[in-house]
Amino acid sequence: MCKYESLLDGVLGLHDIALMNDALAVRNDNRALAERLREKENG
């Protein structure tokens with residue numbers, strides 16, 4: 003978990019936020035794909 007203060011004091015920047023956002027998007031895409039494949043296999 004990132005602290006809001008890290009954004010304010012410059013420890014984290016927009017690049018860091020973008021990387022975390024991309025990681026969350028990939029995780030969600032993978033979960034959705036896994037669910038579709040399970041549904042396809044199980045009918």
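Using our numbering, read the sequence shown as starting at 3 and increasing by one per residue. Just so it is clear, CB atoms sit at the ideal spot from N, CA and C, and this is done for glycine as well. Since the structure is predicted, the reported quantities are computational estimates derived from the model, not experimental observations.
DSSP state of residue i mapped onto helix, strand, coil
i   : result
D18 : helix
D46 : Not covered by the structure: residue 46. The range shown for the chain is 3 to 45.
Beta-carbon proximity check, residue i vs residue j, cutoff 8 Å
i   : j  : result
L14 : S8 : yes
Proximity winner among the options, relative to residue i (alpha-carbon distances)
i   : options         : result
M22 : L10, M3 and E37 : M3
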